[in-house]
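Per my numbering: the sequence shown ends with 533, consecutive numbering throughout.
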Amino acid sequence: MNVVVFSAKPHDIAFLTAANANAGHELCFHEARLATETVALAKGADAICAFVNDRLDRAVIDELGASDVRLVALRSAGFNHVDRAAAKAAGIALCHVPAYSPHAVAEHSVALILTLNRKTHRAWSRVREGNFELDGLMGFDLHAKTVGIVGTGQIGAVLARILHGFGCRVLACDPTPHPDCLDLGVSYVDLAELLAESDIVTLQCPLTPQTFHMIDDAAVARMKPGAMLVNTSRGAVIDTRSVIRGLKSGRIGSLGLDVYEEEGELFFEDLSNRIIPDDVFARLLTFPNVLITGHQGFFTIEALTAIAETTIGNITAFERDGRAIHPVPDPAG
Ligand code: NAI
Numbered sequence: 201m202n203v204v205v206f207s208a209k210p211h212d213i214a215f216l217t218a219a220n221a222n223a224g225h226e227l228c229f230h231e232a233r234l235a236t237e238t239v240a241l242a243k244g245a246d247a248i249c250a251f252v253n254d255r256l257d258r259a260v261i262d263e264l265g266a267s268d269v270r271l272v273a274l275r276s277a278g279f280n281h282v283d284r285a286a287a288k289a290a291g292i293a294l295c296h297v298p299a300y301s302p303h304a305v306a307e308h309s310v311a312l313i314l315t316l317n318r319k320t321h322r323a324w325s326r327v328r329e330g331n332f333e334l335d336g337l338m339g340f341d342l343h344a345k346t347v348g349i350v351g352t353g354q355i356g357a358v359l360a361r362i363l364h365g366f367g368c369r370v371l372a373c374d375p376t377p378h379p380d381c382l383d384l385g386v387s388y389v390d391l392a393e394l395l396a397e398s399d400i401v402t403l404q405c406p407l408t409p410q411t412f413h414m415i416d417d418a419a420v421a422r423m424k425p426g427a428m429l430v431n432t433s434r435g436a437v438i439d440t441r442s443v444i445r446g447l448k449s450g451r452i453g454s455l456g457l458d459v460y461e462e463e464g465e466l467f468f469e470d471l472s473n474r475i476i477p478d479d480v481f482a483r484l485l486t487f488p489n490v491l492i493t494g495h496q497g498f499f500t501i502e503a504l505t506a507i508a509e510t511t512i513g514n515i516t517a518f519e520r521d522g523r524a525i526h527p528v529p530d531p532a533g
């Protein structure tokens, strides 16, 4: 198939080209993000391949449909950025990569927790400058602390196992408890109890209408004073303004983010020579107890290999059988 790949970074080109070696699709890579201004690049393609910050709203999808694109192959697990009803109406099939490496994201959540707690990022720059003062670097033992995991799907369940290994008491909140978590002795509670009891709250649920701004002023007010909040799921699960208020009041003791509500304007680009116009994001950067990474939870060799192989497998199956291996669930359920 002729496939136009949007938001193609050097790692995408390398891993997709390797996965395509035996499949023989014609891949045309564009660094541009998919948007109304760039959708014309898809002209003549049978399929397009998109990532998390590509725009797949009704306007773009209608344009893709008008260009006879038949498949949108997402190289992500999440599909919250896609207007699924519009794709259905335009006769465009959607597929995604439901699982690649839950370990990659779970381990990144642990990296954020450990870094924020033991302040290794601050220690690194101090020591490089010959400053061996410990003041301000004190952490706490993770052992015996209570960690609340919101969403124990593939990633949350791996995270529960890792934290169990640290000797943490693990609480979880999920409408569908995971059997591995139940075996580990994880206690399922409602969100209010999880927030009230946890020294660390970590978000591993998808972004849905139900989870949009799940962490708002009321949720922050329920948190244990000084608790750590970590989000590696999707930015809009958190109302960033509420969390900033929580940081200012001290209710939130520290914050680790790999995702941000408005990250589409920022992440995956080098903006180091530009002024960041987003005042909310700029405010977050001023807190010493906030650690932000630019959506790199998935960024491991194993995950990128699996993403590329599953994406190419989806495209091949669609070409052969008219159905991808991992279609995105229908919006009607
Ligand atoms: P999954 O579908 O296996 O698990 C999600 C879990 O969340 C399910 O068990 C579901 O029942 C639960 N859930 C849904 N609504 C909930 C609610 N209101 N309260 C509590 N739990 C709820 O998904 P997986 O693979 O574990 O990924 C989770 C999310 O992580 C993805 O949707 C994606 O947004 C994000 N992600 C982030 C990445 C990164 O690079 N930072 C990479 C991959 C995924």
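For every residue, glycine included, the Cβ atom is placed at its ideal position computed from N, Cα and C.
For serine 442, the CB stays at least 7 Å from every heavy atom of ligand 1. Scanning Ala304, Ile261 and Leu342 for the CA closest to the CA of valine 269 turns up Ile261. Straight through space, the alpha carbons of arginine 445 and alanine 360 are spaced by roughly 29 Å. With a cut-off of 7 Å, the C-beta of threonine 516 is classified as distant from ligand 1, since no heavy atom of the ligand falls inside that distance. A straight line joining the alpha-carbon of tyrosine 388 with that of serine 442 spans about 26 Å.
For the pair arginine 451 and phenylalanine 487, the Cα-to-Cα distance works out to about 14 Å. The C-alpha of cysteine 381 lies about 15 Å from the C-alpha of threonine 402. Leaving aside the five residues that flank valine 358 on each side, the residues in its chain whose CB is nearer than 7 Å to its CB run, in chain order, Pro302, His303 and Ala306.
Rounded to whole angstroms, the gap between the alpha carbons of methionine 423 and proline 379 is 27 Å. Two segments are said to touch when three or more pairs of C-beta atoms, one from each, lie closer than 8 Å; by this definition the stretch 457–475 does not touch the stretch 502–514. DSSP places valine 358 within a helical segment (H, G or I) once states are collapsed to three. Asparagine 253 is positioned such that its CB atom lies no closer than 8 Å to that of arginine 284. In chain order, Arg422 place their CB closer than 8 Å to the CB of alanine 392, counting only its own chain and leaving out the 5 sequence neighbours on each side. Relative to aspartate 416, the option among Thr440, Arg434 and Pro409 whose CA is nearest is Thr440.
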